[in-house]
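Q: This is the structure, below, for whatever I ask next.
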Amino acid sequence: MKGALLFLIIIFLAGCMPPAPELVPVDTSVALTLAAEPRTNTPSLTATLTLTPSLQTNASTEAVEQSLDAPGVECIPTSSEWIRGLVTRVLDGETIEVAMNNQSYIVRYIGIEAPGMVQPIEWKGPEAVNTNSSLVSGQYVTLAKDVSEVDPNGYLLRYVIAKSTFVNLQMVRGGMARVVVVPPDTACSTTFLAVQAEAQAGVLGVWQATLTPTSTITPTPTNTLLPTDTIEAVCNCKVMYSCKDFRTVRKAQACFAYCLAATGKEVLPDKNNNGLVCEGGSG
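Residue numbers for the sequence shown follow our numbering, beginning at 1 and rising by one.
Next up, the structure:
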């Protein structure tokens, strides 16, 4: 009798207990939990990350290291800031437009002055632009700073290396630009002047005399803005000048170079015997 009563009590208690929980695999449980969460339009973290080109990529670092091997760059200060940029436009023989970090900058070459392209176009101006374009147009270049950040016009002042070519130096070497010494950015002035002496000795580019050719062929008139070899002499080589006789250093230098090449006569004092006159002037 007692045994039967005990059996009934056990059955009653079993009926009152909650059912055993259903065992769900871990992965399934996580999936169900995620499915139960409310949906939003907020993208995931990985979807919001945008990879922006950086000047510090491995490719850029390797390119800068390659630029360090370009002949002549030893004169650039070792503490200089070296960055990469894409040349989007060539403005003249000494100025380019460069894109860096989604911004555009006008960059002027340190230590050189190319013939101007503003009317009246100067002797060898178009050739200087073409030479500059052949060196840098559409290319990634390395820019190196000397001391100054910008010039009075707000243009970045930089030494420029394209692949393995030191562009500032190459423009002087080919006679497509003259050396200008403008403190405090003078780290490469000595190097540039040595190369300029070679260009002068070889009568290259701007160091060629702008003489009128003695051709018997009558040229066909054309409408062109480009200068030819028939432009007039830049000054009277029979006169001895002073720097005060010229509005700009550029015009004084052009007169000096012309007369030296045409007659062998120095019409302006070359105080430092480096082929430059009116040093320390402006314009």
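Using N, Cα and C, we set each Cβ at its ideal position, and we do this for glycine too.
1. Mapping the DSSP letters down to three states, classify residue 241 as helix, strand or coil.
2. Thinking C-beta only, is residue 94 closer than 8 Å to residue 113?
3. Specify whether the region 90–105 and the region 125–143 touch according to this definition: at least 3 beta carbon pairs, one from each stretch, less than 8 Å apart.
4. Decide yes or no for the touch test of the region 133–149 against the region 82–91: beta carbon pairs closer than 8 Å, at least 3 of them.
5. Between the region 190–204 and the region 143–163, do three or more beta carbon pairs fall short of 8 Å?
6. Tell me whether residue 199 sits in a helix, a strand or coil according to DSSP, three-state version.
7. For residue 178, which three-state DSSP category applies?
8. Given residue 276, which residues of its chain have a CB within under 6 Å of its CB, disregarding the five upstream and five downstream residues?
9. If I follow the unbroken beta strand (DSSP E) through residue 171, where does it start and stop?
10. Taking the alpha helix (DSSP H) that residue 263 falls in, what are its first and last residues?
11. With 16 as the cutoff for other CB atoms within 10 Å, does residue 102 come out buried or exposed?
12. Considering only residues of the same chain and omitting the five flanking positions on each side of residue 258, which have a CB-CB separation below 7 Å?
13. Considering only their Cβ atoms, is the gap separating residue 162 from residue 290 smaller than 8 Å?
14. Could you tell me the alpha carbon to alpha carbon distance between residue 76 and residue 143, rounded to whole angstroms?
15. By how many angstroms is the C-alpha of residue 73 removed from the C-alpha of residue 260?
16. Just to confirm before moving on: does the CB-CB distance between residue 173 and residue 199 stay below 8 Å?
17. Take the Cβ of residue 81 as the centre, count every other Cβ of all protein chains shown within 10 Å, and call the residue buried at 16 or more, exposed below.
A: Walking through what the data contain:
1. coil
2. yes
3. yes
4. yes
5. no
6. helix
7. strand
8. none
9. Counting along the chain, residue 171 falls outside any beta strand (DSSP E), though it belongs to the alpha helix (DSSP H) covering 167–173.
10. 249–263
11. exposed
12. 209, 210, 233, 234 and 235
13. Residue 290 is absent from the structure shown; the chain starts at 1 and stops at 283.
14. 11 Å
15. 30 Å
16. yes
17. exposed
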